[in-house]
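Engineer: Pasting a structure here, questions to come.
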Amino acid sequence: MLIAAEIPWLEQISPLAAELVQTLASLAPAASESALLAAALAVEAVAEGHVCVDLGRWAGRQYAGFPLPFLAQWQTELQASGLIAKPGDFAPLVLEERRLYLARYWRFETQLAADLLARAEPLPVETTLLRKSLDDLFGPPAAHHIDWQKAAAAAAVLNRLTVISGGPGTGKTTTVVKLLAALTLLQPDIRIALAAPTGKAAARMVEAIRLAKVKLPLDMLQLATLPDTAQTLHRLLGARPDSPSFRHDRENPLPYDTLVVDEASMIDLALLTRLVAALPPTARLILLGDKDQLASVEAGAAFADLCAGTGVSAAAAKRLAMATGMPIPPQPGQSRMGDSVVLLRHSYRFDTNSGIGALARAANAGNSEAALNLLDTGHADLGWHPGHFADHAEALADHVATALQPYWQAVTTADPVTAFQQFGRFRLLTAHRDGEAGVSGLNRLVEARLVKRRGREAWYAGRPVLITANDYGLRLYNGDIGIALQTAEGLRVYFERDGDFAAFAPQRLPPHETAYAMTVHKSQGSEFDTVALVLPDSDSPVLTRNLVYTALTRARRRAEIWGPATVLAKALATATRRDSGLADRLRISNPS
């Protein structure tokens with residue numbers, strides 16, 4: 001019998017993993033050390049964003065100073081440990097071949113896969129009427145040309161589940177606005193909801209839709225039927241304070257016929273599982289995102305898993321062709337989700353001469369040689385500052401001061417519209433929160449240069465802040481950006497809200513931090529005229545090609561990279577890996 005207090009490696013693992021191991025050791029006295037270590041690895045894996053732990057990657061190695069057995073022996077010890085659930089039973093762990101899950105995440109993954117496959121089927125739609133609507137909105141089909149925006153809109157109307165993935169400038173917003181118009185033309189009383197993972201992403205979605213819908217060939221009454229408000233997923237589902245459950249679930253579903261979710265790559269496995277379960281079985285679900293962006297901060301990379309093994313069956317290709325008038329060729333795929341997934345391929349923002357576009361493509365492909373050549377060659381929309389942080393800290397501070405000068409001028413007017421417009425023109429991005437080249441260090445650097453004339457007060461006019469925790473009472477959410485401005489009542493922090501602004505006294509704000517610099521993860525759902533990505537002096541596990549790609553594609557006009565070439569090259573050679581079984585659960589078992 002193994003006594004928890006006698007386990008020598010407990011101090012080598014995280015406190016959460018150690019607490020679980022001690023509990024399991026007392027509940028399952030027959031469990032071997034390697035079985036308990038496997039449980040610790042499962043906890044650590046979730047903390048690192050994985051849904052499960054791939055035992056094959058650890059078998060025969062050491063963990064926390066303890067030698068792990070080879071895979072077959074390890075699986076045998078786990079099965080004999082009393083920790084593994086059998087069908088119909090409950091246990092803390094689930095073992096599926098090489099994958100070991102915490103039972104909670106195994107339930108999330110299996111439930112989501114089952115719900116998605118049940119939803120991934122066509123709807124009865126009159127294709128003649130749909131084609132007329134799409135031709136009016138997108139224009140008549142051109143010979144020998146496939147308009148993938150039009151194909152995506154048709155798929156979203158024809159299917160109960162549609163996943164639309166595209167990089168920056170591929171027209172996701174245009175596609176959404178036109179498919180919403182097609183839906184309302186076919187069904188005037190349709191109930192549609194728009195949502196996004198963060199408040200900032202929801203606000204951007206609303207702004208983009210409002211700008212795009214005025215270009216539609218619709219009359220005023222028809223335009224008025226299109227939705228133009230969006231909310232966060234937590235607000236949509238009805239988050240409960242201090243509870244993981246939501247007001248809307250399978251027993252109390254959402255009251256909508258169609259739900260459109262933007263920035264879906266940011267949604268973690270648990271939240272997507274609850275979202276799909278809360279949507280009525282007859283409702284459409286349309287997920288928009290970029291499969292190549294960073295995955296969610298929490299466990300899982302569900303959106304990328306949904307896009308894996310894409311293809312279109314002969315039956316689905318025929319329906320799309322009838323609805324669009326375009327020759328949609330069947331494409332054999334590896335996933336039962338293939339008919340539900342459409343990839344937008346053409347970028348309207350970055351043309352063939354765009355340095356940002358070329359660098360983003362090189363980063364996405366993991367081609368560090370091509371990326372460094374592009375940076376060395378020089379492009380008008382690219383900036384390259386190789387070297388360690390200490391070498392260019394002063395130059396970076398000067399550069400930021402110059403870039404933010406129009407913002408500081410706007411702050412003196414105390415006009416929130418102008419201040420937000422100017423603040424959105426430039427942003428420092430980084431991979432880490434801590435360190436000189438992290439969020440904390442960069443914010444200190446900027447404040448030392450820009451704010452030294454304003455004394456050492458924590459609050460001053462012009463201080464930008466990022467909300468780091470949801471406050472449902474104030475309707476302020478993790479990721480929201482605020483700007484402190486001087487008013488007759490003193491300093492007030494303004495936040496964009498529903499096309500207007502809400503102002504709060506600084507003391508009322510939920511947890512927040514200064515926001516001259518932000519992590520690339522926090523920047524998702526935002527765009528800026530110029531982005532400066534600051535790399536640390538050495539590589540780290542979070543530095544991947546997906547992070548660099550995500551940072552670059554936040555830029556509309558100019559992207560800069562500050563940091564060592566070796567660190568950038570190592571990042572581009574590293575792909576983000578999220579262990580899960582979702583893609584396999586959606587895979588066609590016998591493609592032939």
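For the sequence shown, the UniProt record's numbering gives the first residue as 1, with consecutive numbering after it. Ideal placement from N, C-alpha and C gives every residue a C-beta, glycine not left out. These numbers come from a predicted model, not from an experiment.
1) With distances taken Cα to Cα, identify the nearest neighbour of D537 among L568, H234 and A555.
2) Anyone know if the C-beta pair for V548 and A565 falls short of 7 Å?
3) Looking only at C-alpha atoms, which of A431, D500, F426 and L509 sits nearest to V465?
4) When DSSP builds the beta bridges, which residues end up paired with D500?
5) For R545, which residues of its own chain have a beta-carbon under 7 Å away from its beta-carbon, when the five flanking residues on both sides are left out?
6) Can you tell me whether A114 is buried or exposed, with buried defined as 16 or more other CB within 10 angstroms of its CB?
7) Can you tell me the Cα-Cα spacing of K86 and L100, whole angstroms?
8) When the Cα atoms are used, what is the spatial distance from L16 to M220?
9) Looking at the unbroken beta strand (DSSP E) that takes in I481, where does it start and where does it end?
10) Entirely within the segment 6-41 and at least 4 residues each: give me those alpha helix (DSSP H) ranges in chain order.
11) Could you check where the beta strand (DSSP E) with V312 kicks off and where it finishes?
12) Nearest to A59 by alpha carbon, out of P29, P92, C52 and R98?
13) If D262 and A201 are in contact, beta carbons under 8 Å, what's the gap, nearest whole angstrom?
14) Quick check on R453: buried or exposed, where buried means 16 or more other Cβ atoms within 10 Å of its Cβ?
15) R453 by DSSP, collapsed to three states: which one?
16) So what's G131 in DSSP terms, helix, strand or just coil?
17) Q524: buried (16+ other C-beta within 10 angstroms of its C-beta) or exposed?
18) Starting from the C-beta of A451, find all residues in its chain whose C-beta is less than 7 Å away, skip the five residues before and the five after it, and write them out in chain order.
19) Any chance you could list the alpha helix (DSSP H) runs of at least 4 consecutive residues sitting entirely within the segment 281-350, in chain order?
20) Run through DSSP, which three-state label would E513 get?
21) Just curious, the alpha helix (DSSP H) that residue 602 is in, first and last residue?
22) Across which residues does DSSP place Q62 in a beta bridge pair?
23) Based on Cα-Cα distance, which residue from D54, I356 and L396 lies nearest to A380?
24) Using 8 Å as the cut-off, can you tell me whether the segment 214-229 makes contact with the segment 276-296, which would need three or more C-beta pairs spanning the two stretches below that distance?
25) Helix, strand or coil: which one does DSSP assign to D584?
26) Can you grab the Cα-Cα spacing for the pair A360 / A151, in whole Å?
27) Of the residues E513, H399, A502 and M205, which one's Cα is nearest the Cα of S440?
28) Which partner residues of Q231 appear in the DSSP bridge assignment?
29) Can you find the residues in the same chain that come closer than 6 Å, C-beta to C-beta, to F108, ignoring five residues on each side of it along the sequence?
30) Please classify K215 as buried or exposed, where buried requires at least 16 other C-beta atoms within 10 Å of its C-beta.
31) Which residue spans inside the segment 397-448 form an unbroken beta strand (DSSP E) run of at least 3?
32) Per DSSP, what are the beta-bridge partners of G166 in this structure?
33) Measuring CA to CA, which of R556, P69 and A39 is closest to L83?
34) Just the Cα atoms here: how many angstroms apart are N373 and A142?
Structural biologist: So, from the data block:
1) L568
2) no
3) L509
4) R497
5) A363, N364, G366, A571, L572, T574 and A575
6) exposed
7) 13 Å
8) 57 Å
9) I481 to T487
10) 15-27
11) Neither: V312 is in no beta strand (DSSP E) and is coded neither H nor E.
12) R98
13) 6 Å
14) Confidence is the limiting factor: at R453 the pLDDT is only 48, short of 50, which leaves the residue's position unreliable and the question unanswerable from this model.
15) Per-residue confidence for R453 stands at a pLDDT of 48, beneath the threshold of 50, marking its modelled position as unreliable; the derived number appears in the next sentence. Note: R453 maps to helix in three-state DSSP.
16) Correcting the residue type first, residue 131 is Arg in the shown sequence and not Gly. Helix at R131.
17) buried
18) One detail in the question is off: residue 451 reads as Val in this sequence, not Ala. Taken in chain order, the residues that qualify are Y460.
19) 302-307 and 314-324
20) strand
21) Since the first residue of the chain shown is 1 and the last is 592, residue 602 is not available in this structure.
22) P67
23) I356
24) no
25) helix
26) 25 Å
27) E513
28) A195
29) L269, A270 and T273
30) exposed
31) 426-430
32) L344
33) A39
34) 38 Å
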